[in-house]
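**Student:**
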Amino acid sequence: MSTATKEETLGFQTEVKQLLNLMIHSLYSNREIFLRELISNAADACDKLRYAALDNDTLYEGDSELRVEIEHDSEAGTVTLRDNGIGMSRDDVIANLGTIAKSGTAEFLQQLSGEQQKDANLIGQFGVGFYSSFIVADEVTVRTRKAGTDAAEGVEWRSAGEGEFTIAELEREAHGTEIVLHLKDDAKEYADDFRLQNLVRKYSDHIEVPVKMPKTETARDDEGNAIEGSEVTTWETINEATALWVRPKSEVTEDEYKAFYKHVSHDFSDPLTWSHNKVEGKLEYTSLLFVPGRAPFDLYERDGARGVKLYVQRVFIMDDAEQFLPLYLRFIKGVLDTRDLSLNVSREILQQDPQVEKIKSALTKRSLDMLKKLAKDNEAYQTFWNTFGSVLKEGPGEDAGNREKIAGLLRFSSTHTDSATQDQSLADYVERMKEGQQKIYYIVADGFNAAKNSPHLEIFRKKGIEVLLLADRIDEWLMSHLTEFDGKSLTDVAKGELDLGDVEDEDEKKAQAETARDKEDLVKRVREALSDGVQEVKITHRLTDSPACVVLPENEMGFQMRRIMEAAGQPMPEVKPILELNPEHALVARLENADDATFSDLAHILLDQAIIAEGGHLDDPAAYVKRLNGVLTA
Ligand code: ADP
Ligand code: MG
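Now the structure itself:
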C-alpha cells in the first residue's frame with residue numbers, strides 16, 4: 031500500500047482560482063465534459079510515453095500496453111481514472127495542476143462578464159482541461175509518478191478546488207496517473223456503469239488508446255444461482271479505440287467527426303465543416319482538417335496555439351505543428367499523420383525539411399478548397415467570415431501563389447447593399463459591373479460609416495456604379511496586395527485620377543474639360559491661398575453634394591494605413607493631399623466671388639472640411655473653428 035508523506039499546502043495561482051470559480055458556476059449545464067477532458071489528458075499522457083519510449087523503451091517499465099481505466103464506487107460516490115502514460119514529477123504536478131501556463135490568460139479572464147451563458151461560451155474557447163474535475167467533484171486526489179523514475183518519487187496532490195492544494199511524497203509502484211473524483215452530492219449520477227460507458231462512447235470513441243472498465247462475471251451453478259467466491263473481474267474495452275483518421279471516410283459518422291473535433295480543438299461547439307483525406311504516392315499522409323465555428327481566445331495572440339496535431343505513422347509527435355499551414359489559416363484545427371517524416375523530428379528539423387514544405391502547400395490547397403465548398407452554404411460561410419474573415423485577409427499578402435483563390439473567398443461590404451455585413455464576393459461584384467466599366471472600385475476608411483458616406487462616392491452613386499466599402503484595420507494592407515481579380519484591376523476611388531472608363535461618354539468628358547478651363551483662375555487663387563497645405567488644386571466631377579474632397583496620388587500610402595503606422599509610433603513623412611473642388615457647389619461659387627480677406631478663410635475651411643470628412647485630423651483644429659466662426663458671423 032502506498033502512503034503519502036511530507037505533506038505541504040500551496041496556493042493556486044490567482045488565475046486558477048478565478049477560472050475554478052467561474053467554471054463551477056457557468057458550466058453546470060454542460061458538466062459531463064469533465065470526463066472528456068480527463069480521458070483526453072490520459073490519452074495525451076499515453077501518446078507522450080509512446081513517443082518518449084521510441085528512444086528508450088525501458089520507460090515502459092515492462093508495461094507497454096497503454097490504456098486508460100475507469101472505475102467507480104457508487105457507495106463511496108467516487109469515479110477513478112487511471113492511465114499508464116508518462117506521469118508527472120513533483121515539479122510537473124505543481125506547474126500543471128496549480129497554474130495556467132497559456133499566454134493571454136489574464137486578458138481572457140478580464141473579458142468575463144459574470145453572465146452565465148456568455149461566460150460558458152468563452153470558457154469553451156479557452157479550454158477547461160483538468161480543472162473541470164471540480165465541476166462535479168468537491169475533492170480531487172491525483173496520484174502519479176513519472177515513467178522511468180524511482181517508485182519513491184511518486185506524488186500525491188489533493189484539493190477541494192478552493193484556493194489551495196496539498197502535495198505530498200508518495201511511494202508508487204506503477205508509473206502514470208490516477209485521478210480520484212469524490213463526487214458532489216448532486217453529481218453522484220456519474221458513479222454509474224451505464225452513464226460512464228455512454229459518456230466514454232460519446233466522447234472517446236476516436237481515441238486510439240483503449241478506455242477500459244471492469245466487468246465482473248460470476249459463475250453460476252446448474253440452477254442459475256451465483257456461486258459464492260467465483261467472481262472474476264475482466265477489463266472490457268468500451269471505446270472503438272482506433273484513431274479516427276485511420277478509418278475509411280465512409281465508416282465515420284458526422285457525430286464522430288464532431289466529437290473528434292472537440293477532442294483536438296478543446297472547443298465546445300461543433301465545427302462548421304471538415305475535410306478528411308488520405309494521400310498516397312510521392313507524399314504519403316492522412317489529414318483531417320476542421321473549420322471551427324468560433325474563434326479561440328488567442329486568435330490574435332502572437333504566440334497563440336495554431337497548427338495541426340502531428341503524428342508520424344500513428345505515433346503522436348507534437349501539438350500545434352505550425353509548419354504545416356500558413357499563418358493566415360491559423361484557425362484551422364486538425365490532425366496530420368504522415369509516413370514522410372522520421373519519428374524523431376523536432377520543430378527545428380521541421381523548419382528545414384523539404385517534405386514539410388510540400389505537405390504545407392498541399393494542406394493549404396485543401397483548406398482553401400474546403401472553404402470554397404463551405405461558401406456554397408451562405409449562412410455557414412457568413413458565420414465563418416464574421417469569425418475569421420479578417421484573418422483570411424492576411425492571405426493575399428502572405429501567399430502570393432494562392433492569391434486568386436483567396437480573393438475568391440473574400441467578402442466585402444458594398445454600396446450594393448450599404449450594409450455593414452461583409453457578404454459580397456468579388457465575383458458578385460463583377461457580375462453586376464456596368465456596361466463600359468473596366469475596374470473594380472473600392473474605398474478604404476476608418477469606419478464603415480466614414481466609408482459609406484465618403485464624398486468620393488457621390489459620382490459613383492449618381493452613375494449607379496458599385497463601390498466596395500472597406501473599413502477593417504487590415505483592409506488597406508490587403509488591397510495593397512490585391513491589385514487584380516478576374517482580369518480587372520482594383521482601384522481606390524480616393525487615389526489618383528478619377529477614371530470611370532467607358533461609363534462616361536465623350537460629351538461628358540468634353541464638358542468637364544471646358545469647366546476646368548473656365549475655372550483656371552479660381553484654381554490658381556486657391557492654390558496660392560493654401561500654398562503649404564496642398565500639393566495641387568483641381569476642379570473635379572467626383573462630387574455632387576459636397577463642395578470639396580481630398581485625394582492622394584496613385585502610389586501614396588492611404589490615410590488609414592498612415593494613421594495605423596503613426597499610432598504604432600512609426601513617424602510618417604508628410605504627404606500633402608490634392609484638393610478637388612466641385613464647380614457646381616454654392617460654396618465654391620461663393621468662394622469665387624469672395625474678396626481677398628474672406629477668400630483665404632473660405633479656402634482653408636474647404637480644405638479642412640474635406641480632411642475631416644475623410645476621418646483625418648487637423649493640425650490646428652482651433653484655427654479651423656475660428657475661421658468657420660468668422661464666416662458664420664460675417
Ligand atoms: P491541457 O491538456 O490543455 O494542457 P489540462 O488542464 O487538461 O490542459 O492539463 C494540464 C496539464 O497537466 C497537461 O498539459 C499535462 O501536462 C498535465 N496532465 C494532466 N493530466 C495528466 C495525466 N493524466 N498524465 C500526465 N500529465 C497530465
Ligand atoms: Mg487537457
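Taking the numbering used here, I'd label the letters of the sequence shown as residues 31 to 664. Where a beta carbon is used, it is the ideal one built from N, C-alpha and C, also for glycine.
(1) Drop a sphere of 10 angstroms on the beta-carbon of K339, count the other beta-carbons inside from all chains shown, and report buried for 16 or more, exposed for fewer.
(2) Considering just the uninterrupted stretch of the alpha helix (DSSP H) at H634, what are its terminal residues?
(3) Within 10 angstroms of its Cβ, does E610 collect 16 or more other Cβ (buried), or is it exposed?
(4) Please report the distance separating the alpha-carbon of L355 from that of E261.
(5) Thinking C-alpha only, which one of R231, S519, F290 and E644 is nearest F589?
(6) I think T445 touches V497, with their Cβ atoms under 8 Å apart; what is that distance to the nearest whole Å?
(7) For a test of the three-state rule: what should DSSP assign to D458, helix, strand or coil?
(8) Would Y330 and V365 qualify as a contact pair, given that the criterion is a beta-carbon distance under 8 Å?
(9) Apart from the five residues on each side of it in sequence, which residues of its chain come closer than 6 Å, Cβ to Cβ, to M31?
(10) By how many angstroms is the C-alpha of K568 removed from the C-alpha of D548?
(11) How far does the beta strand (DSSP E) with E199 in it reach, from first residue to last?
(12) Quick one: what's S576 bridged to in DSSP?
(13) Return yes when the C-beta of Y161 is under 7 Å from any heavy atom of ligand 3, and no when it is not.
(14) When burial is assigned at 16 or more other CB atoms within 10 Å of the CB, is N432 buried or exposed?
(15) Look at the Cβ atom of L487, then the Cβ atom of I470, and state whether they are nearer than 8 Å.
(16) W187 and V210 - do their beta-carbons sit closer together than 8 Å?
(17) Following a CB-centred definition, is S70 positioned closer than 7 Å to any heavy atom of ligand 2?
(18) Nearest CA to the CA of L302: which residue from D407, E428, E314 and T264?
(19) Which runs of the alpha helix (DSSP H) at least 4 residues long sit entirely within the segment 472 to 528? Give them in chain order.
(20) Does the separation of the CB atoms of C76 and L96 fall below 8 Å?
(21) Would you say E253 touches ligand 2, meaning its beta carbon is less than 7 Å from a heavy atom?
(22) Could you name each continuous beta strand (DSSP E) segment of 3 residues or more that falls completely within the segment 347 to 400, going from the start of the chain to the end?
(23) Grouping DSSP H, G and I as helix and E and B as strand, with all else coil, what is V210?
(24) Assign G191 to one of two classes, buried (16 or more other C-beta atoms within 10 Å of its C-beta) or exposed (fewer than that).
(25) Rounding to the nearest angstrom, what Cα-Cα distance links K492 and V533 in this structure?
(26) Which whole-angstrom value describes the C-beta separation of A72 and D113, a residue pair presumed to lie in contact below a C-beta threshold of 8 Å?
(27) Determine the extent of the alpha helix (DSSP H) in which T135 is found, giving its start and end residues.
(28) Measuring CA to CA, which of N623, H571, I257 and D562 is closest to H634?
(29) Report yes if the CB atom of G128 is closer than 8 Å to the CB atom of Q43, and no otherwise.
(30) Does the distance from the CB of F515 to the CB of A501 come in under 8 Å?
(31) Using C-beta distances below 8 Å, list every residue in its chain close to K36, excluding the 5 sequence neighbours before and after it, in chain order.
(32) Exposed or buried, M25, counting other C-beta atoms within 10 Å across all chains shown (16 or more means buried)?
(33) So, for V661: in the same chain, excluding its five sequence neighbours on each side, which residues have a beta-carbon less than 8 Å away from its beta-carbon?
(34) Give the C-beta separation of R396 and S317 to the nearest angstrom, bearing in mind that I take them to be a contact with Cβ-Cβ under 8 Å.
(35) Return the residue from the list R592, Q353 and Y411 that minimises the CA-CA distance to V321.
**Tutor:** In short, the structure shows the following:
(1) Counting from 1 along the sequence shown, the entry for residue 339 is found at position 309. Here K339 is buried: its Cβ has 16 or more other Cβ atoms, across all protein chains shown, within 10 Å.
(2) Counting from one through the sequence shown, the residue named residue 634 turns up at place 604. For H634, the enclosing alpha helix (DSSP H) starts and ends at D626 to A643.
(3) In the sequence shown, counting from the first residue as 1, residue 610 sits at position 580. It counts as buried.
(4) To locate residue 355, count along the sequence shown from 1; it is residue 325. To locate residue 261, count along the sequence shown from 1; it is residue 231. Going by C-alpha positions, L355 is about 54 Å away from E261.
(5) By 1-based counting over the sequence shown, the position of residue 589 is 559. Nearest option by C-alpha distance: E644.
(6) By one-based count along the sequence shown, residue 445 stands at place 415. By one-based count along the sequence shown, residue 497 stands at place 467. That pair is a contact at about 5 Å.
(7) Mapped onto the sequence shown, residue 458 falls at position 428. Note: D458 maps to helix in three-state DSSP.
(8) As a first step, residue 330 must be located in the sequence shown, where it is residue number 300. As a first step, residue 365 must be located in the sequence shown, where it is residue number 335. Going by C-beta atoms, Y330 is not nearer than 8 Å to V365.
(9) On the sequence shown, position 1 is the one that residue 31 refers to. For M31, the predicted structure reports a pLDDT of 48, less than 50, and the residue's modelled location is therefore unreliable. The matter cannot be settled from this model.
(10) Within the sequence shown, numbered from 1, the residue matching residue 548 stands at position 518. Within the sequence shown, numbered from 1, the residue matching residue 568 stands at position 538. Going from the Cα of D548 to the Cα of K568 covers about 12 Å.
(11) On the sequence shown, residue 199 is found 169 positions in, with the first residue counted as 1. That run of the beta strand (DSSP E) goes E194 to L200.
(12) Position 546 of the sequence shown, counting from 1, holds the residue named residue 576. S576 is bridged by DSSP to nothing; it lacks a bridge partner.
(13) Among the ligands modelled here, namely ligand 1 and ligand 2, ligand 3 does not occur.
(14) By 1-based counting over the sequence shown, the position of residue 432 is 402. Burial of N432 is indicated by the presence of at least 16 other C-beta atoms within 10 angstroms of its C-beta.
(15) Along the sequence shown, one-based indexing puts residue 487 at 457. Along the sequence shown, one-based indexing puts residue 470 at 440. No, the Cβ-Cβ distance between L487 and I470 is not below 8 Å.
(16) Here residue 210 corresponds to residue number 180 of the sequence shown, with the count starting at 1. Here residue 187 corresponds to residue number 157 of the sequence shown, with the count starting at 1. Contact flag unset, no.
(17) As a working note, residue 70 is residue 40 in the sequence shown. True, at least one ligand heavy atom lies under 7 Å from that Cβ.
(18) Here residue 302 refers to the residue found at position 272 of the sequence shown. Minimum Cα distance to L302 is reached at D407.
(19) Counting only runs of 4 or more, we get 478 to 482, 488 to 493 and 505 to 511.
(20) Position 46 of the sequence shown, counting from 1, holds the residue named residue 76. Position 66 of the sequence shown, counting from 1, holds the residue named residue 96. Taking 8 Å as the Cβ cut-off, C76 and L96 qualify as a contacting pair.
(21) As a first step, residue 253 is located in the sequence shown; it is residue number 223 there, counting from the start. Because no heavy atom of ligand 2 lies under 7 Å away, the Cβ of E253 does not count as near it: no.
(22) Fully enclosed beta strand (DSSP E) runs of 3 or longer: 363 to 368.
(23) Position 180 of the sequence shown, counted from the first residue, corresponds to residue 210. Judged by DSSP in its simplified three-state form, V210 adopts strand.
(24) By 1-based counting over the sequence shown, the position of residue 191 is 161. Buried is the call here.
(25) Taking the first residue of the sequence shown as 1, we reach residue 492 at position 462. Taking the first residue of the sequence shown as 1, we reach residue 533 at position 503. Straight through space, the alpha carbons of V533 and K492 are spaced by roughly 12 Å.
(26) Residue mapping note: residue 72 aligns to position 42 of the sequence shown, counting from 1. Residue mapping note: residue 113 aligns to position 83 of the sequence shown, counting from 1. Confirmed, Cβ separation roughly 4 Å.
(27) Counted from its first residue, the sequence shown places residue 135 at position 105. Counting along the chain, T135 sits inside the alpha helix (DSSP H) bounded by residues T135 to Q140.
(28) Within the sequence shown, residue 634 is the residue found at index 604, counting from 1. For H634, the closest C-alpha among the options N623, H571, I257 and D562 is that of D562.
(29) On the sequence shown, position 98 is the one that residue 128 refers to. On the sequence shown, position 13 is the one that residue 43 refers to. Less than 8 Å divides the Cβ of G128 from the Cβ of Q43.
(30) Working through the sequence shown from its first residue, we reach residue 515 at position 485. Working through the sequence shown from its first residue, we reach residue 501 at position 471. Judged by their CB atoms, F515 and A501 are not nearer to each other than the 8 Å cut-off.
(31) Here residue 36 is taken as the residue at index 6 of the sequence shown, counted from 1. Closer than 8 Å at Cβ, skipping near neighbours: A198 and E199.
(32) Lying outside 31 to 664, the shown extent of the chain, residue 25 is not represented and no answer is given.
(33) Along the sequence shown, read from residue 1 onward, the residue named residue 661 stands at position 631. T628, D631, L632 and I635, listed in sequence order.
(34) Translated into positions along the sequence shown, residue 396 becomes position 366. Translated into positions along the sequence shown, residue 317 becomes position 287. Indeed, because the Cβ distance is near 7 Å, the residues count as touching under 8 Å.
(35) On the sequence shown, residue 321 is found 291 positions in, with the first residue counted as 1. V321 has its Cα closest to that of Y411, out of R592, Q353 and Y411.
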